[in-house]
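K.L.:
So the sequence shown is numbered by numbering that gives the first Met the number 0: it starts at 0 and just counts up by one. The C-beta atom is built at its ideal place from N, Cα and C for all residues, glycine as well. On a predicted model such as this, the values are computed, not experimentally measured, just so you know.
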Amino acid sequence: MQTGLVVASHGRHCLVETADGVRRLCHARGKKNETVVGDRVRWRPTGDEGVVERVEPRRNLFYRQDEIRTKSFAANLDQVLVLIAAEPEFSEMQLARALIAAEAEHIAPIVGLNKSDLAEPFARASARLAPYAGMGYRVLRLALRGSAGADRDLLMEHLRGKTTLVLGPSGAGKSTLINLLVPQAQALTGEISQALNSGKHTTTATTWYWVDEARQTALIDSPGFQEFGLHHLDPMQLAGLMPDLKPHVPACKFYNCTHMHEPACGVRAVVSQSTPAPPSGIEPSRYRIYRTLFEELSQPRY
Ligand SMILES: Nc1nc2c(ncn2[C@@H]2O[C@H](COP(=O)(O)OP(=O)(O)OP(=O)(O)O)[C@@H](O)[C@H]2O)c(=O)[nH]1
Ligand SMILES: [Mg+2]
Ligand SMILES: [Zn+2]
């Protein structure tokens with residue numbers, strides 16, 4: 000058996016890259032293809048193709064759990080780059096959900112705010128992001144379209160030597176970012192979807208790209224999402240996954256405080272004070288997000 004890295008996965012097939020960089024179409028051993036991009040697998044050659052015998056244990060798995068289905072993005076990540084833009088206006092709720100999902104899997108998140116050339120909407124978006132910088136998230140300001148060296152250097156400073164999933168709503172500039180750092184990306188995407196979809200030129204959902212020839216720095220492109228369910232999380236975990244709420248939890252009188260209605264709640268005490276900026280405060284919008292998610296995750300599961 001040989002070892003390999005899953006660089007794309009679709010239907011019953013996946014594309015496995017060997018240690019020497021050769022890519023090979025592999026089939027799942029059983030009925031279901033359990034692999035996700037980023038998986039390390041053991042596989043066995045069968046002619047020109049291969050069979051995945053097993054998936055090695057994962058360091059982490061970044062996924063969302065919607066009402067009825069689980070959608071895995073990728074495994075064995077060092078970080079997630081959540082890319083949003085001045086336009087289209089980003090949803091703070093979607094941003095918060097992606098950051099919480101990353102925290103839950105101990106994957107370091109970075110926020111990229113793109114389209115700084117659109118001065119007015121960019122200023123608005125920056126202001127909405129200020130609390131996130133205040134609570135400790137790294138926020139990169141970018142103008143990816145037509146960008147020359149500066150943005151590439153800034154990105155590489157944060158991406159070098161790591162495996163990064165690029166995530167974000169449609170139109171934020173994910174493909175623009177990939178194309179900036181991986182000039183041959185479009186050709187590669189074509190080859191991969193051809194291999195996996197038996198010739199059809201449809202987009203493969205999630206794809207691994209090497210940024211450097213030494214194959215140390217990797218980017219994973221993912222399709223834009225509408226929904227970002229967190230049904231895999233316990234509502235009581237939630238405050239611990241929100242860096243602005245977390246430090247105030249020890250001040251709650253009850254160890255099992257939900258921060259929804261209890262007296263002597265450290266979180267609600269901070270929300271009602273007049274200076275909401277983190278790290279010492281909590282923005283009203285963030286507490287609203289907490290309440291909405293807490294109620295959503297407290298619904299009975301069917
Ligand atoms: N003004 C401006 N437009 C940009 C910038 N970066 C990307 N765009 C444009 O924004 C649009 C969307 O960019 P994409 O890279 O396709 O976005 P995406 O995130 O891949 O979107 P999906 O594939 O739909 O998920 C394109 O028309 C880009 O040219 C930027 O820095 N400034
Ligand atoms: Mg795209
Ligand atoms: Zn509390």
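In the DSSP assignment, what are the bridge partners of I67?
P.N.:
On the sequence shown, residue 67 is found 68 positions in, with the first residue counted as 1. In the DSSP output, where bridge partners are listed per residue, I67 has none listed.
K.L.:
Is the closest heavy atom of ligand 3 to the C-beta of H260 under 6 Å?
P.N.:
In the sequence shown, the residue the question calls residue 260 occupies position 261. Checking the Cβ of H260 against ligand 3 gives no.
K.L.:
Using a threshold of 6 Å, is the CB atom of S90 nearer than that to any non-hydrogen atom of ligand 2?
P.N.:
Stepping through the sequence shown from its first residue, residue 90 is reached at position 91. Because no heavy atom of ligand 2 lies under 6 Å away, the Cβ of S90 does not count as near it: no.
K.L.:
Would you mind sorting P56 into buried or exposed? The rule is 16 or more other CB atoms within 10 Å of its CB.
P.N.:
In the sequence shown, residue 56 corresponds to position 57, counting from 1. Counting Cβ neighbours within 10 Å, P56 comes out exposed, since fewer than 16 surround it.
K.L.:
Is the number of C-beta pairs between the region 108 to 123 and the region 134 to 143 that are closer than 8 Å three or more?
P.N.:
The answer is yes - the region 134 to 143 touches the region 108 to 123, with three or more Cβ pairs under 8 Å.
K.L.:
Nearer than 6 Å: is that true of the beta carbon of A142 relative to any heavy atom of ligand 4?
P.N.:
Ligand 4 is absent from the structure shown, which contains only ligand 1, ligand 2 and ligand 3.
K.L.:
Using only the heavy atoms of ligand 3, determine whether one of them is closer than 6 Å to the beta carbon of V210.
P.N.:
In the sequence shown, the residue the question calls residue 210 occupies position 211. Incorrect: V210 has no Cβ contact closer than 6 Å to ligand 3.
K.L.:
If you follow the beta strand (DSSP E) that G3 is in, where does it begin and where does it stop?
P.N.:
What you label residue 3 is simply residue 4 of the sequence shown in a count that begins at 1. Q1 to H9 is the extent of the beta strand (DSSP E) around G3.
K.L.:
Do you know how far the Cα of Q193 is from the Cα of H200?
P.N.:
The residue given as residue 200 occupies position 201 in the sequence shown. The residue given as residue 193 occupies position 194 in the sequence shown. Unreliable positioning characterises H200 in this predicted model, as indicated by a pLDDT of 49, which lies under 50. The coordinate reading is nonetheless provided below. Cα-Cα distance, rounded: 6 Å.
K.L.:
Evaluate V35 with the Cβ neighbour count: other Cβ atoms within 10 Å of its Cβ, from every protein chain shown; 16 or more gives buried, anything less gives exposed.
P.N.:
Here residue 35 corresponds to residue number 36 of the sequence shown, with the count starting at 1. It is buried - the Cβ of V35 has at least 16 other Cβ atoms within 10 Å.
K.L.:
May I have the straight-line CA-CA distance separating I67 from N113, to the nearest angstrom?
P.N.:
Counted from its first residue, the sequence shown places residue 67 at position 68. Counted from its first residue, the sequence shown places residue 113 at position 114. Using only the alpha carbons, I get a separation of about 32 Å.
K.L.:
Whole angstroms are fine: how far does the CA of V81 sit from the CA of P93?
P.N.:
Taking the sequence shown and counting its residues from 1, one reaches residue 93 at position 94. Taking the sequence shown and counting its residues from 1, one reaches residue 81 at position 82. In the sequence under discussion, the amino acid at residue 93 is Gln, which differs from the Pro named in the question. Between Q93 and V81, the C-alpha separation is close to 10 Å.
K.L.:
Per the contact definition of three or more C-beta pairs closer than 8 Å, is the region 100 to 109 in contact with the region 177 to 190?
P.N.:
The region 177 to 190, when compared against the region 100 to 109, does not touch it at the 8 Å Cβ threshold.
K.L.:
Could you tell me whether the Cβ atoms of P283 and G133 are closer together than 7 Å?
P.N.:
Residue numbering aside, residue 283 sits at position 284 when the sequence shown is read from its first letter. Residue numbering aside, residue 133 sits at position 134 when the sequence shown is read from its first letter. Their beta carbons are not under 7 Å apart, which means P283 does not touch G133 by this criterion.
K.L.:
For H247, which three-state DSSP category applies?
P.N.:
Mapped onto the sequence shown, residue 247 falls at position 248. H247: helix per DSSP, three-state reduction.
K.L.:
Can you have a look at S146 and say buried or exposed, based on whether 16 or more other CB atoms are within 10 angstroms of its CB?
P.N.:
In the sequence shown, residue 146 corresponds to position 147, counting from 1. Result: buried.
K.L.:
Any heavy atom of ligand 1 inside 6 Å of the beta-carbon of A171?
P.N.:
Residue 171 sits at position 172 when you count from the first residue of the sequence shown. For ligand 1, at least one heavy atom lies less than 6 Å from the Cβ of A171.
K.L.:
Just reading off the alpha helix (DSSP H) that H157 is part of, what are its end residues?
P.N.:
Taking the first residue of the sequence shown as position 1, residue 157 is located at position 158. Element bounds for H157: G148 to L158.
K.L.:
So is the beta-carbon of S174 under 6 Å away from any non-hydrogen atom of ligand 2?
P.N.:
Against the sequence shown, residue 174 aligns to sequence position 175. Yes, the beta carbon of S174 sits closer than 6 Å to at least one heavy atom of ligand 2.
K.L.:
Where does E52 sit, in a helix, a strand or coil, going by DSSP?
P.N.:
To locate residue 52, count along the sequence shown from 1; it is residue 53. The answer is strand: DSSP assigns E52 an E or B state.
K.L.:
Give me whichever residues DSSP pairs with C13 in a beta bridge.
P.N.:
Locating residue 13 in the sequence shown gives position 14, where the first residue counts as 1. Paired residue(s): S8 and C25.
K.L.:
Rounded to whole angstroms, what's the CA-CA distance from E52 to T45? Just pull it up for me.
P.N.:
As a position in the sequence shown, residue 52 is number 53, starting the count at 1. As a position in the sequence shown, residue 45 is number 46, starting the count at 1. Their Cα atoms are separated by approximately 12 Å.
K.L.:
DSSP three-state call for R140: helix, strand or coil?
P.N.:
Residue 140 sits at position 141 when you count from the first residue of the sequence shown. Here R140 sits in strand by DSSP.
K.L.:
Are R58 and N75 touching if we call contact CB-CB under 7 Å?
P.N.:
Position 59 of the sequence shown, counted from the first residue, corresponds to residue 58. Position 76 of the sequence shown, counted from the first residue, corresponds to residue 75. Yes, they are a contact pair.
K.L.:
Where does Q225 sit, in a helix, a strand or coil, going by DSSP?
P.N.:
As a first step, residue 225 must be located in the sequence shown, where it is residue number 226. Looking at Q225 - three-state DSSP - the assignment turns out to be coil, as it is neither helix nor strand.
K.L.:
May I ask which residues mark the beginning and end of the alpha helix (DSSP H) holding R287?
P.N.:
The residue you call residue 287 lines up with position 288 of the sequence shown. Looking at the DSSP string, the run of the alpha helix (DSSP H) that includes R287 is P283 to S297.
K.L.:
Taking C-alpha atoms, which residue in K161, S90 and W209 lies nearest to I177?
P.N.:
Here the question's residue 177 lines up with position 178 in the sequence shown. Comparing Cα positions, the closest option is W209.
K.L.:
Note down, in chain order, each residue of its chain lying with its Cβ closer than 7 Å to the Cβ of Y131, except the 5 sequence neighbours on either side.
P.N.:
On the sequence shown, residue 131 is found 132 positions in, with the first residue counted as 1. Correct list, in chain order: V110 and V138.
K.L.:
With a threshold of 8 Å, are at least 3 pairs of Cβ atoms found where one atom belongs to the region 159 to 173 and the other to the region 84 to 91?
P.N.:
Contact between the region 159 to 173 and the region 84 to 91 is present, because at least three Cβ pairs lie under 8 Å.
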